[in-house]
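The next block holds one structure in the form of C-alpha cells; read it before the comments.
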Amino acid sequence: MQSSSFIPYTRPTYDADEMLERAKSHYEWMNQRRTLREFSDRPVSKEVIEQLILTASTAPSGAHKQPWTFCAISNPEMKKKIREAAEEEEYTNYHGRMSDTWLKDLEPFETDWHKPFLETVPWLIVVFRRIYELDEEGAKQNNYYVNESVGLACGMLLEAIHYAGLVALTHTPSPMNFLTKLLDRPANERPYLLIPVGYPASDAKVPDLERKSLSDISVFY
Ligand code: IYR
Numbered sequence: 001m002q003s004s005s006f007i008p009y010t011r012p013t014y015d016a017d018e019m020l021e022r023a024k025s026h027y028e029w030m031n032q033r034r035t036l037r038e039f040s041d042r043p044v045s046k047e048v049i050e051q052l053i054l055t056a057s058t059a060p061s062g063a064h065k066q067p068w069t070f071c072a073i074s075n076p077e078m079k080k081k082i083r084e085a086a087e088e089e090e091y092t093n094y095h096g097r098m099s100d101t102w103l104k105d106l107e108p109f110e111t112d113w114h115k116p117f118l119e120t121v122p123w124l125i126v127v128f129r130r131i132y133e134l135d136e137e138g139a140k141q142n143n144y145y146v147n148e149s150v151g152l153a154c155g156m157l158l159e160a161i162h163y164a165g166l167v168a169l170t171h172t173p174s175p176m177n178f179l180t181k182l183l184d185r186p187a188n189e190r191p192y193l194l195i196p197v198g199y200p201a202s203d204a205k206v207p208d209l210e211r212k213s214l215s216d217i218s219v220f221y
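Per our numbering, residue 1 is the first one in the sequence shown, and the count goes up by one each step.
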C-alpha cells in the first residue's frame with residue numbers, strides 16, 4: 001500500500017467585504033465566457049496550450065488517480081481527419097439519430113452537421129477519461145469517479161482558456177470512438193470531450209441567451 005505524508009497548507013484570507021468583492025468580480029468575469037462555434041485561424045502557441053492543460057490537471061480526482069489524458073492537436077492533416085470523421089457521425093445524427101425534440105431544442109443554436117471549425121481552429125484538445133490503469137502485473141485497476149473527475153478537469157480547462165483570452169467549444173460528436181482510433185489511444189482510454197481552442201472569428205456571433213437566475217438554480221436551507 002502506498003503511504004502518504006502530509007504537508008502544511010495555508011492560503012491568504014480576505015475580510016468579508018473583500019471576499020464578497022472577489023466573489024462578485026469573479027462571477028462577472030466568468031459570466032462573460034461563452035461557447036463559440038466560429039473561430040479564427042490565428043495561431044496559439046504550444047506553450048499556452050501546455051499551461052492550459054497543466055491548469056486542468058489541478059482538478060481534484062477520485063483517490064488522486066488523475067484519470068485523464070489531454071491530446072492536443074495542431075497538425076492540419078489530423079484536424080482534417082477528425083473533421084471528416086466527426087461530420088460523418090454528425091450527418092447521421094442530424095438525419096435520424098437525434099429525436100425531433102432534440103433537433104427543435106437545438107434550433108436556437110443554428111447548429112448542423114457541418115463542422116468547419118475543426119479545421120480552422122489552431123488547436124483541438126481531446127480529453128480522454130482513463131477508466132482503469134494497469135498495475136505492475138498487468139492487472140486492471142479501475143479508477144474512481146472517473147466522469148466526475150474528468151468533468152471537473154474540463155471545467156477548469158474552460159476557465160483557463162477564458163482566462164488566457166481564448167475561446168472554446170465543448171463539442172461532443174457522438175459516438176466519439178473514431179477519436180480513439182485516429183489518435184491511437186490505448187484500450188483504457190475513452191473519449192470524453194473534443195474542445196476546439198482558439199480566437200473567435202472576427203465576425204463571430206453567439207446566441208442571445210440568458211442564464212437561469214440564482215433563485216432558479218439554488219435552494220438555501
Ligand atoms: N453534437 C451535435 C449536436 C449538439 C447537441 C447538443 I445537446 C448541443 O448543445 C449542441 C449540438 C453538434 O455538435 O452539432
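Where is the CB? At the ideal position from N, CA and C, for every residue including glycine.
Contact between the segment 146-157 and the segment 56-68 is present: 3 or more CB-CB pairs across the two stretches fall below 8 Å.
If you look at Leu134, you'll find it in the beta strand (DSSP E) that goes Tyr132 to Leu134. The beta carbons of Arg190 and Arg129 sit about 5 Å from each other, so the pair counts as a contact at 8 Å.
Within a 10 Å sphere around the beta-carbon of Leu134 sit fewer than 16 other beta-carbons, which makes this residue exposed. Residues Leu193 and Leu194 of the same chain have their beta carbon placed closer than 8 Å to that of Thr172, with the five preceding and five following residues left out of the count. Between the segment 41-48 and the segment 22-29 there are fewer than three inter-stretch CB-CB distances shorter than 8 Å, so the stretches are not counted as touching. Between Glu38 and Ala168, the C-beta spacing is not below 8 Å. A Cβ-Cβ contact shorter than 8 Å links Ser40 with Ala201. Sequence-distant Cβ neighbours of Trp123 in its own chain, meaning closer than 8 Å and more than five residues away, are Val44, Ile49, Ala72, Ile73, Ser74, Pro196, Val197 and Gly198.
Between ligand 1 and Asn177, a heavy atom-to-CB distance of less than 7 Å is absent.
Under DSSP, Asn75 shares a beta bridge with no residue.
Judged by DSSP in its simplified three-state form, Asn177 adopts helix. Apart from sequence neighbours up to five positions away, the residues of its chain that approach Val206 with a beta-carbon distance below 7 Å are Arg34 and Leu36, ordered along the chain.
By alpha-carbon distance to Phe178, the top candidate from Thr111, Tyr14 and Glu84 is Glu84.
Per DSSP, the continuous alpha helix (DSSP H) segment holding Gly151 begins and ends at Val146 to Tyr163. With a cutoff of 7 Å, Leu124 does not count as near ligand 1, since its C-beta is closer than that to no heavy atom of the ligand.
Rounded to whole angstroms, the separation of the alpha carbons of His162 and Lys181 is 30 Å.
Straight through space, the alpha carbons of Val127 and Ser57 are spaced by roughly 11 Å. When rounded, the separation of the alpha-carbon atoms in Lys140 and Asn188 is 9 Å. Linking Asn147 to Arg42 through their CA atoms gives a straight-line distance of about 32 Å.
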